[in-house]
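Chemist:
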Amino acid sequence: MIYLRFPTHEDRQLIEDYKNECLTYDNVESIHGSANLTQFSFDEWLENVQKDRYKETVREHLVPAHTFLIMENQTLVGMCNIRHELNDFLYHIGGHIGYSVRPSQRRKGYAKQALRLAVQFLQEQKGIQRVLVTCDEDNIASSCTIEACGGILDNMFVSENGEVIKRYWIE
530 MIYLRFPTHE DRQLIEDYKN ECLTYDNVES IHGSANLTQF SFDEWLENVQ
580 KDRYKETVRE HLVPAHTFLI MENQTLVGMC NIRHELNDFL YHIGGHIGYS
630 VRPSQRRKGY AKQALRLAVQ FLQEQKGIQR VLVTCDEDNI ASSCTIEACG
680 GILDNMFVSE NGEVIKRYWI E
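All letters in the sequence shown, in the order written, are residues 530 to 700 by my numbering.
#1: Looking at C-alpha atoms only, which residue of L682, Q634, Q658 and V660 is the closest neighbour of I599?
#2: DSSP beta-bridge partners for Q600?
#3: Is the separation between the beta-carbon of V648 and that of Y639 shorter than 9 Å?
#4: Throw me the rounded Cβ distance for the Q611 and F569 pair, which I believe falls under 8 Å.
#5: With H, G and I counted as helix, E and B as strand and the rest as coil, what does DSSP make of T567?
#6: Have a look at the DSSP bridge pairing and note the partners of Y665.
#7: Could you check what DSSP says for H595 in three-state terms: helix, strand or coil?
#8: Verify whether the separation of the beta carbon atoms of I626 and L605 is less than 9 Å.
#9: Cutting at 6 Å between CB atoms, please list the residues of its own chain near T586, excluding the five before and the five after it.
#10: Opposite L529 in the DSSP bridges: which residues?
#11: Could you tell me which of D683, E666 and E700 sits nearest to E692, measuring between CA atoms?
#12: For T701, is the classification buried or exposed, using 16 other Cβ atoms within 10 angstroms of its Cβ as the cut-off for buried?
#13: Under a Cβ-count criterion, where at least 16 other Cβ atoms within 10 Å of its own Cβ denotes burial, should D597 be classed as buried or exposed?
#14: Between D636 and W698, which are expected to be in contact by the criterion C-beta below 8 Å, what is the C-beta distance as a whole number of angstroms?
#15: Restricting to Cα atoms, I'd like to know which of C551, N602, F535 and D555 is closest to W574.
Given below as structure tokens:
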């Protein structure tokens, strides 16, 4: 059974390994649900993640959010970023929840379990009963995960760079 927990300084190596695996396998520059892990040193990233939990200290142009490690026992299987509110970008493209599962742990049901926990967190801890979750149109695995968690497709949105985003609501 998986659980969500906050990252700490003691997680440095786990998180660095996670980042390297995702970047190498997926050949991407960013990792969904990681609160921009690839753009900062570990210490800067951890400080940002801690500040971003609260409206009073969240960085400019962002909304308060919790970033969690998705853990099974002592194994880091993924990350998720849970936004407490939606700005215009999040309403159209990002949604309340971003998540990723490391390549070596995919197709084991972790994304579905993590998404359910993230929705539960928003509903029980933040009082948000209607949760927006989005994915790229061509991300079949994420579409299936969202639908398995009760996501109802609202519409598709074309971003400025031409990407088609599927927008789902989970209640």
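All C-beta atoms, glycine included, are put in the ideal place defined by N, C-alpha and C.
Modeler: Concretely, from the data shown:
#1: Your numbering for residue 599 matches position 70 in the sequence shown. Among L682, Q634, Q658 and V660, the Cα nearest to that of I599 is on Q634.
#2: Against the sequence shown, residue 600 aligns to sequence position 71. A quick correction: the sequence has Met, not Gln, at residue 600. Looking at the DSSP assignment, M600 forms a beta bridge with Y532 and L605.
#3: Working through the sequence shown from its first residue, we reach residue 648 at position 119. Working through the sequence shown from its first residue, we reach residue 639 at position 110. Not in contact: V648 and Y639 (Cβ atoms no closer than 9 Å).
#4: Start at 1 with the first residue of the sequence shown, and residue 611 comes out as number 82. Start at 1 with the first residue of the sequence shown, and residue 569 comes out as number 40. The question names Gln, yet the displayed sequence has Ile at residue 611. Not really, about 19 Å apart at Cβ, beyond 8 Å.
#5: Counting from 1 along the sequence shown, the entry for residue 567 is found at position 38. Here T567 sits in helix by DSSP.
#6: The count along the sequence shown starts at 1 and reaches residue 665 at position 136. Correcting the residue identity first, residue 665 is Asp in this sequence and not Tyr. Answer is I694.
#7: Position 66 of the sequence shown, counted from the first residue, corresponds to residue 595. H595: strand per DSSP, three-state reduction.
#8: Your numbering for residue 626 matches position 97 in the sequence shown. Your numbering for residue 605 matches position 76 in the sequence shown. No, these two residues do not count as a Cβ contact at 9 Å.
#9: Within the sequence shown, numbered from 1, the residue matching residue 586 stands at position 57. Correct list, in chain order: K580.
#10: A question about residue 529 goes unanswered here, because the residues of the chain that appear run from 530 up to 700.
#11: Start at 1 with the first residue of the sequence shown, and residue 692 comes out as number 163. When only C-alpha atoms are compared, the closest one is E666.
#12: Any answer about residue 701 is impossible in this case: the structure gives the chain only from 530 up to 700.
#13: As a position in the sequence shown, residue 597 is number 68, starting the count at 1. The amino acid at residue 597 is misidentified as Asp; the sequence shows Phe. The residue is buried, with at least 16 neighbouring Cβ atoms inside 10 Å.
#14: What you label residue 636 is simply residue 107 of the sequence shown in a count that begins at 1. What you label residue 698 is simply residue 169 of the sequence shown in a count that begins at 1. Contrary to the premise, residue 636 reads as Arg rather than Asp in this sequence. With a Cβ gap of about 26 Å, R636 and W698 do not count as contacting.
#15: Locating residue 574 in the sequence shown gives position 45, counting from the first residue. Of the listed residues, the one whose Cα sits closest to W574 is F535.
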